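Q:
Protein chains in written order, with the working numbering: chain A, 978 to 1334; chain B, -6 to 361.
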């Protein structure tokens, strides 16, 4: 990115905030004629396509992804690209990955993919990489440096243990609260790569990092966790503006650690409860997080969804698109220096979850 | 003591309300700014049946909402002046007082807002604006004197708000419960429904999953959730053209096009459903859940009148939102719509159950 375009970026970037508070729709976003540096992308995650047998797949997960694709295709003007946040498959089977990719094939525009643990642990990502290429990479787009990490690796000795089958290994990782599971990590090798990659980027370039697991520590029992999160954060610290977008948790989470804004993605498959409702171990749910509304079990898609992201002035506003529920917008607040839920940040404005059962 | 007394009064008031409400229905919600009076209801009844409020002098509210046809027209889509047709099936006025939004896409919040639209829609009443309608009223001595009595306004001050309030008041009396289902379910008359209907009820709340949206509560049943769902109807019209249709609609709306006119005159845009109102991409092709009360009398079915019989409707849901198994499914399909695997007898029983939702005396609301 030339100095000229970066200056132009920073100068013209501020106009979009007003537009970002509008409901997600085909609103002509206020990118501004002379401000090509502001742009949008869509972000779909966690479809968990599950093969039952042969050509039979779990219908509900198929429909969730199909619906997200149909909705994202309506965005006008078109987002510059789409990110898929990981866990296309439930058990990493080639059939599941291919079926998911076939559904995603209906999306208009380019898709970038992130590796999820459900895509990985049966064959350590071989089939996924065969279909989609490298699992960590970076690229520049309109003055923003995008980085994709494979954050769901774990200890080499555990991964390469003598497993009877790859599926045995997958089934250890594809569960919550499994004492035989392992914590996720980016790992030494990828962190060295990241350090070298970021070394060529000027510190005032906005950086957006995609990972599947949160690059922060929230709750170990469910692997809402990356073991070397602090070391990754340290590499991101020198930059003025950093955003980390992650999947895996199937719920809205928001955080700010120093210069780094964090946003989680909804799943198209199913919602998880918040770990704070589950008290076996300590949970570090970020205090900026505003819980999503409690899902109505009568509405099969409630508390699932996808995201539409507005990148302006190097900051990210996340528009959560939620069928059967109210859309949410978590936007970066310049004054406060962190993202806020534009409607529900104040405790009094929130829809309380049901407390009795 | 005074507090106790006033409480007693409130309770007495509530019981009067309850007595006047048919079995199976909650008390009719009456907006504070439009209280019911016998004179206002009568005026509304008269306005509802006045065909002069249309371009050819032949179309009244009752044209498409006729008491003889359970307050519908039994047509796939309604016919307006000069026999022009729109895009949507006329919903019954029966029990519309309970609806939280009006029209298939909920574009009006109440009955008062609803009744203002059809006279000036180019395929319904066909009037250029409300002026000719008000002109008719202001020149009619009987109307002038009734509006004076009901609203305390002189001829020149009669407005569409007054007209709409009177029509809404009449519509709030078009309430029908007491069906065989109500007597069976809320009235404890175990022989009010036939064995097939009883089996149908089991399926309705069980395997058929109908009750998820067509709700039955503990003390009453409106058979609607007042929400919007894409169930797959009308999808073929815009299949593969969803993006262009939505983009074209939003563009014309930005340029000032009227939603009411657009959705009733443009077949493809009509199929955008609730999206046309909210522009929310999660609501493409979503339409309001209609009540099922008196459904046997209100054929044909669905927002576009595309299904002729209740059997067709059950078949459509059984196949998970399509008429034939080979048909494609809408990408925007609601999560709750999925194949039901009903057997032939189960489908029949569901149809029989719906026939138990017909109220007696559907000809009692107007003498006009």
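No residue lacks a Cβ here, since even glycine has one placed at the ideal position from N, Cα and C.
All values reported here derive from a predicted model rather than from experimental measurement.
1. Determine the chain A residues that contact residue 236 (chain B) at a beta-carbon separation under 8 Å, and present them in chain order.
2. Kindly provide the ranges of any alpha helix (DSSP H) runs that are 4 or more residues long and lie completely inside the segment 98 to 163 of chain B, ordered along the chain.
3. Under the three-state reduction of DSSP, which class applies to residue 279 (chain B): helix, strand or coil?
4. Kindly confirm or deny that the segment 82 to 102 of chain B and the segment 283 to 303 of chain B touch, where touching means at least three C-beta pairs closer than 8 Å.
5. Smallest Cα separation from residue 1143 (chain A): which of A:1152, A:1100, A:1183 and A:1118?
6. Closest Cβ-Cβ distance between residue 1298 (chain A) and chain B: below 8 Å?
7. Hey, could you find the ends of the alpha helix (DSSP H) residue 175 (chain B) is sitting in?
8. When the Cα atoms are used, what is the spatial distance from residue 1303 (chain A) to residue 130 (chain B)?
9. Give every residue of the same chain whose Cβ lies closer than 6 Å to the Cβ of residue 1042 (chain A), excluding the five residues on either side of it in the sequence, and list them in chain order.
10. Give every residue of the same chain whose Cβ lies closer than 8 Å to the Cβ of residue 1321 (chain A), excluding the five residues on either side of it in the sequence, and list them in chain order.
11. Using the C-alpha atoms, what's the distance from residue 1127 (chain A) back to residue 1112 (chain A)?
12. Closer than 7 Å, Cβ to Cβ, to anything on chain A: give me those residues from the segment 165 to 197 of chain B, in chain order.
13. Give me the Cα-Cα distance between residue 268 (chain B) and residue 327 (chain B), rounded to the nearest whole angstrom.
14. Kindly indicate which three-state DSSP category residue 209 (chain B) falls into: helix, strand or coil?
15. On the criterion of 16 or more Cβ atoms from any shown chain inside 10 Å, does residue 319 (chain B) qualify as buried, or is it exposed?
16. Can you pull the chain A residues whose beta carbon is under 8 Å from the beta carbon of residue 325 (chain B), in chain order?
17. Does DSSP classify residue 340 (chain B) as helix, strand or coil?
18. So what does DSSP say about residue 359 (chain B), is it helix, strand or coil?
19. Over what stretch of residues does the alpha helix (DSSP H) that includes residue 1320 (chain A) continue unbroken?
20. Looking at the secondary structure, which residues open and close the beta strand (DSSP E) in which residue 1188 (chain A) lies?
21. Give a yes or no on whether the C-beta atoms belonging to residue 1049 (chain A) and residue 1035 (chain A) are separated by under 8 Å.
22. Should residue 331 (chain B) be flagged as near chain A, meaning a C-beta pair shorter than 8 Å?
23. In this structure, what does DSSP give as the bridge partners for residue 1305 (chain A)?
24. Quick test of your reading: residue 353 (chain B) and residue 171 (chain B), contact by CB under 8 Å. State the CB separation rounded to the nearest angstrom.
25. Looking at the structure shown, is residue 1344 (chain A) part of a helix, part of a strand, or coil, going by DSSP?
26. Taking only beta-carbon positions, decide if residue 1232 (chain A) is within less than 8 Å of chain B.
27. Determine the chain B residues that contact residue 1277 (chain A) at a beta-carbon separation under 7 Å, and present them in chain order.
28. Ordered along the chain, which non-local residues of its own chain (more than five positions away) have a Cβ less than 6 Å from that of residue 139 (chain B)?
29. What is the C-beta distance between residue 1069 (chain A) and residue 1147 (chain A), in whole angstroms, given that I count them as a contact (C-beta under 8 Å)?
30. Just to confirm my understanding: we take residue 42 (chain B), look at its own chain, exclude 5 residues before and 5 after, and list those with CB closer than 6 Å. What are they?
31. Enumerate in chain order the residues of its own chain whose CB-to-CB distance from residue 118 (chain B) is below 7 Å, with the five nearest sequence positions on each side excluded.
32. Is there contact between the segment 342 to 350 of chain B and the segment 174 to 193 of chain B, where contact requires at least three CB pairs shorter than 8 Å?
33. So, are the CB atoms of residue 1191 (chain A) and residue 1265 (chain A) less than 8 Å apart?
34. Excluding sequence positions up to five away, which residues of its chain have a Cβ less than 8 Å from the Cβ of residue 1044 (chain A)?
35. Starting from residue 1201 (chain A), follow its DSSP beta bridges and name the residues at the other end.
36. Look at the alpha carbon of residue 1273 (chain A) and the alpha carbon of residue 238 (chain B), and state the distance between them as a whole number of angstroms.
A: The relevant details are as follows:
1. 1050, 1051, 1053 and 1085
2. 104 to 107, 124 to 131 and 134 to 144
3. strand
4. yes
5. A:1100
6. yes
7. 173 to 178
8. 43 Å
9. 1024, 1080 and 1245
10. 1267, 1305, 1327 and 1328
11. 6 Å
12. none
13. 14 Å
14. coil
15. exposed
16. 1044, 1047 and 1048
17. helix
18. coil
19. From DSSP, residue 1320 (chain A) is part of no alpha helix (DSSP H); its letter is neither H nor E.
20. 1184 to 1188
21. no
22. yes
23. A:1297
24. 6 Å
25. Nothing about residue 1344 (chain A) can be reported from this structure: the residues present for chain A run from 978 to 1334 only.
26. no
27. 328 and 329
28. 36
29. 6 Å
30. 53, 55 and 361
31. 46, 47, 48, 52, 73, 74, 111 and 112
32. yes
33. no
34. 1245, 1278 and 1300
35. A:1196
36. 31 Å
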